[in-house]
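Engineer: If you read the sequences in order, they're chains E and R. Counting in the working numbering, the first sequence runs from 374 upward without gaps. Counting in the working numbering, the second sequence runs from 104 upward without gaps.
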Amino acid sequence: MSKIMTVDVLSSIKGAQPSKAVNKLFEVIKKANTTNNNAFNNHNNAVSLNNLRDDVVIDSSATEKQIIIENFPKEKNGYLVVSKIIEE
Amino acid sequence: MNSQIHNIHQQLMNKDITCTALVQEKLDLLKQNINNTVNALLDTLALDLAAKVDAKIANGETIGLLEGIPFGIKDVYMVQGTYTTASSDLLKNYKSAYTATAIQKLLDAGAIPLVKENCDSFGHGSSSENTIFGAVKNAVNPDLVGGGSSGGSAVNVAKDYTVFSIGGDTGGSVRQPAGYNNVYGLKPTYGRISRFGLMAYASSTDCVGPIAKSIEDIRIVLNVMSGKDVKDQTTYTSTEIDQDAISSSENIKKVGYFKNFIENDAIDAEVKSNFLATIEKIKAKRIEVKALDFFESETLVSTYYTLAMAETASNLSRLDGTNYGNRIEADNLKETYAVTRSENFSEESKRRIVGGNQVLSQGFSDEIYLKGLNLRDQISKNFENDFKDVDIILSPVTPNTPPKIGDSLKDPHAMYLSDAYTVGFSLGQLPTLTVPQGTATGLQITAAKHNDELVLKFANFLKDTI
């Protein structure tokens, strides 16, 4: 399998191509000045690990389970049907 | 305008109106769907809840302030048992299995949900035209767009179909439609209100935001929805904002505005002159005003969209038709994913997903995505420094008045640029309120992180000043 993945494969969208409107935005970023700080130094969105919820299983309500099953796209003889997994 | 919530509460308590009649009247208006604001009516649920409120009042029991108040919900929030479509083909038959924390808090306070409201699909848009339910029409002029992405919510409030509505703001999606329809719309500090149960667009800027016709109603709804939630690790504990605390403008000594937002060719001449006239009125009240330097609009928009697209590509990758959504069967698993996504996502959503995967892929991430993160850090730092100097930053909401329906879809790049004044505050995760004053599409009031109270305080001051 080729190691180069095109955006249509990455996006699971048939025939997808980069768009001109979006590329114009990216061109601005390429030309912008950045600070010398390593770009990995982004701490703005880190959240504290000191206040995590309890690591316990919480069972969904019967209504919740029923709706989840209702939302499943395909059912056959009481089983939920998914696509066959292919091997490459 | 005075608080509608207080007025209706008083009318209910005085038995001037019944809750059932109030809810029925609003449902009848919404049913006509004149402005394409309705994705689904929650009529049975709403009338059921209204009857309970009436029974309580008839029994002489006291009711809470929000009890019996009808409201609308942007169709990206989970409300158990209701259709939650994100205005998309992919989820047009999807039912919420659970209820979003913010909405649950309103339900617990007794507010009555009337409607799931039209919006841009997955929040992808600034005009509420990217929807399978037809373009939302502006409340003031139906030939114009309702704004986006929470267009249906802003129009419903403006037309009095709902007393307040809950929108979602990632890059301006509450503030811009509020401005386009002359109502109030708040993007609180990121993390003040739980995002649990809000369909994710760009997780690092997604905010729950109330839209209403008065500052007082915004305050009431904000207080109810705020707070730490174990289901959203980014939430924090905040204190309630008191009505008296925001009634006077003392402590506001210095206001800033961004020079380059005003001194450029892209801004409409009237928006510019009205904004500058507002600045003069503020100066006349002996508040110091400072012109501040800021990043170019193009840099702000490009940084925001680069990060938002990367995040949405990741967030929406789960929508493949396997467990839910409109699956389209094909020869094998990968084909099923691809056909399902190709046929069910709108052109704008596809454009953003593809853009996001582009910047996250090897070879592009250093040059674009990581550089975008670095720019975001610089933007945040800039805000931090500004708020050491000024209390409030005032800006127009949009450079121009609302476009005609159909125009935004023709030129996506122009649509992205129309978000120039709102996206920076999203990247900074700052509290920002649109007020329907000052320019044709209103003004934005921004304060430092966690200082939502000051934003509301300054809004009260502006209401009396201009």
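Idealized CB from N, CA, C, for every residue including glycine.
Please name the residue in R:Gln532, R:Pro539, R:Thr121 and R:Lys566 whose C-alpha comes closest to that of asparagine 554 of chain R.
Structural biologist: Cα-wise, what sits closest to asparagine 554 of chain R is R:Gln532.
Engineer: Please tell me whether valine 327 of chain R and lysine 208 of chain R are closer than 7 Å, where the distance is taken between their beta carbons.
Structural biologist: Yes, the Cβ-Cβ distance between valine 327 of chain R and lysine 208 of chain R is below 7 Å.
Engineer: So is leucine 210 of chain R in contact with chain E if we call contact Cβ pairs under 7 Å?
Structural biologist: Chain E contact via Cβ: absent.
Engineer: Valine 558 of chain R lies in the alpha helix (DSSP H); which residues open and close that run?
Structural biologist: 555-568 is the span of the alpha helix (DSSP H), which, as asked, contains valine 558 of chain R.
Engineer: Taking the Cβ atom as the reference point for each residue, do serine 297 of chain R and threonine 338 of chain R lie within a distance shorter than 7 Å?
Structural biologist: For serine 297 of chain R and threonine 338 of chain R, yes; Cβs fall inside 7 Å.
Engineer: Can you tell me whether lysine 404 of chain E is buried or exposed, with buried defined as 16 or more other CB within 10 angstroms of its CB?
Structural biologist: Looking at its Cβ environment, which holds fewer than 16 other Cβ atoms inside 10 Å, lysine 404 of chain E is exposed.
Engineer: Note down the Cα distance separating asparagine 447 of chain R from leucine 132 of chain R, rounded to an integer number of angstroms.
Structural biologist: If I take the Cα positions, the gap works out to 31 Å.
Engineer: Mind listing which residues of the stretch 441-456 of chain E have their C-beta closer than 7 Å to chain R's C-betas, in chain order?
Structural biologist: From the stretch 441-456 of chain E, only Ile441, Glu443, Asn444, Phe445, Pro446, Lys447, Val455 and Ser456 have a Cβ closer than 7 Å to chain R.
Engineer: Following the continuous alpha helix (DSSP H) through glycine 255 of chain R, name the residue where it begins and the one where it ends.
Structural biologist: Residues 254-261.
Engineer: At a Cβ threshold of 7 Å, is threonine 407 of chain E touching chain R?
Structural biologist: Threonine 407 of chain E counts as touching chain R.
Engineer: Mind checking whether serine 542 of chain R and valine 404 of chain R have CB atoms under 7 Å apart?
Structural biologist: Residue identity differs from the one stated: residue 542 of chain R is threonine in this sequence, not serine. Not a contact, by the Cβ cut-off of 7 Å.
Engineer: What does a CB cutoff of less than 6 Å around valine 141 of chain R pick up in its chain, not counting 5 residues either side in sequence?
Structural biologist: Leu133 and Val218.
Engineer: Who does isoleucine 176 of chain R pair with in a DSSP beta bridge?
Structural biologist: R:Lys219 and R:Ile269.
Engineer: Checking the sheet assignment: what are the DSSP bridge partners for tyrosine 360 of chain R?
Structural biologist: Tyrosine 360 of chain R is bridged to R:Ala394.
Engineer: Under 8 Å by Cβ, that's how I've got alanine 242 of chain R and valine 258 of chain R pegged, so tell me the actual separation to the nearest angstrom.
Structural biologist: Confirmed, Cβ separation roughly 5 Å.
Engineer: What does valine 420 of chain E touch in chain R if you count any residue whose Cβ is under 7 Å from its own?
Structural biologist: In chain order: Gln336 and Thr337.
Engineer: Using CA atoms only, rank isn't needed, just tell me which of R:Ile160, R:Glu451 and R:Pro502 is closest to aspartate 371 of chain R.
Structural biologist: Here the closest residue by C-alpha is R:Pro502.
Engineer: Could you tell me which residues DSSP pairs with cysteine 310 of chain R in its beta bridges?
Structural biologist: According to DSSP, cysteine 310 of chain R bridges with R:Asp272.
Engineer: Answer with yes or no whether the minimum CB distance from valine 380 of chain E to chain R is below 7 Å.
Structural biologist: Interface residue, yes.
Engineer: Which residues in chain E sit within 8 Å of glycine 184 of chain R, going by Cβ to Cβ distance?
Structural biologist: Those within 8 Å of glycine 184 of chain R in chain E are Thr436 and Ile440.
Engineer: Step through the CB atoms of chain R and report whether any lies within less than 7 Å of the CB of lysine 397 of chain E.
Structural biologist: It does; some Cβ of chain R falls within 7 Å.
Engineer: Isoleucine 458 of chain E to leucine 546 of chain R, Cα distance in whole Å?
Structural biologist: About 54 Å.
Engineer: Going along the chain, which residues of its own chain have a beta-carbon closer than 7 Å to the beta-carbon of threonine 234 of chain R, five neighbours each way excluded?
Structural biologist: These residues qualify, in order along the chain: Ser190, Asn221, Cys222, Asp223 and Ser224.
Engineer: Can at least three beta-carbon pairs, one atom from the stretch 394-413 of chain R and one from the stretch 386-404 of chain E, be found at a separation below 8 Å?
Structural biologist: Because the criterion of three Cβ pairs below 8 Å is met, the stretch 394-413 of chain R and the stretch 386-404 of chain E touch.
Engineer: For glutamine 113 of chain R, collect the residues of the same chain with a Cβ closer than 6 Å to its Cβ; drop the 5 residues on either side in sequence, then sort them by chain order.
Structural biologist: Once the five neighbours on either side are set aside, glutamine 113 of chain R has no close Cβ partner at all.
Engineer: Leaving out the 5 sequence neighbours to the left and right, which residues in its chain are closer than 7 Å to isoleucine 471 of chain R when beta-carbon positions are compared?
Structural biologist: Correct list, in chain order: Thr409 and Val462.
Engineer: Which residues of chain E have a Cβ atom closer than 8 Å to the Cβ of lysine 572 of chain R, listed in chain order?
Structural biologist: Nothing about residue 572 of chain R can be read from this structure; chain R reaches only from 104 to 569.
Engineer: Which value, in whole angstroms, describes the spacing of the CA atoms of glycine 274 of chain R and lysine 159 of chain R?
Structural biologist: Rounded to whole angstroms, glycine 274 of chain R to lysine 159 of chain R spans 41 Å at the Cα level.
Engineer: CB alanine 203 of chain R to CB glycine 300 of chain R, shorter than 7 Å?
Structural biologist: Cβ distance < 7 Å, so alanine 203 of chain R and glycine 300 of chain R count as in contact.
Engineer: Check the Cβ of valine 430 of chain E against every Cβ in chain R and list those closer than 8 Å, keeping chain order.
Structural biologist: Near valine 430 of chain E there are no residues of chain R at all, since even the closest Cβ is about 15 Å away, more than 8 Å.
Engineer: I'd like to check one pair, arginine 455 of chain R with serine 392 of chain E: are the Cβ atoms closer than 7 Å?
Structural biologist: No; because the gap between Cβ atoms is not below 7 Å, this pair is not in contact.
Engineer: Using 7 Å as the limit for Cβ to Cβ distance, is glutamate 401 of chain R near chain E?
Structural biologist: Answer yes: the Cβ-Cβ gap between glutamate 401 of chain R and chain E drops below 7 Å somewhere.
Engineer: What would DSSP say about valine 457 of chain R, mapped onto helix, strand or coil?
Structural biologist: Residue state, collapsed to three classes: helix.
Engineer: Quick check: glutamine 465 of chain R and valine 420 of chain E, are their CB atoms within less than 7 Å of each other?
Structural biologist: Result no, Cβ atoms of glutamine 465 of chain R and valine 420 of chain E do not sit closer than 7 Å.
Engineer: Flag histidine 516 of chain R as yes if its beta-carbon sits less than 7 Å from any beta-carbon of chain E, otherwise no.
Structural biologist: It does: the Cβ of histidine 516 of chain R has a partner Cβ on chain E nearer than 7 Å.
Engineer: Say whether chain E places a C-beta atom closer than 7 Å to the C-beta of alanine 201 of chain R.
Structural biologist: Sequence check: residue 201 of chain R is tyrosine here, not alanine. So, interface residue.
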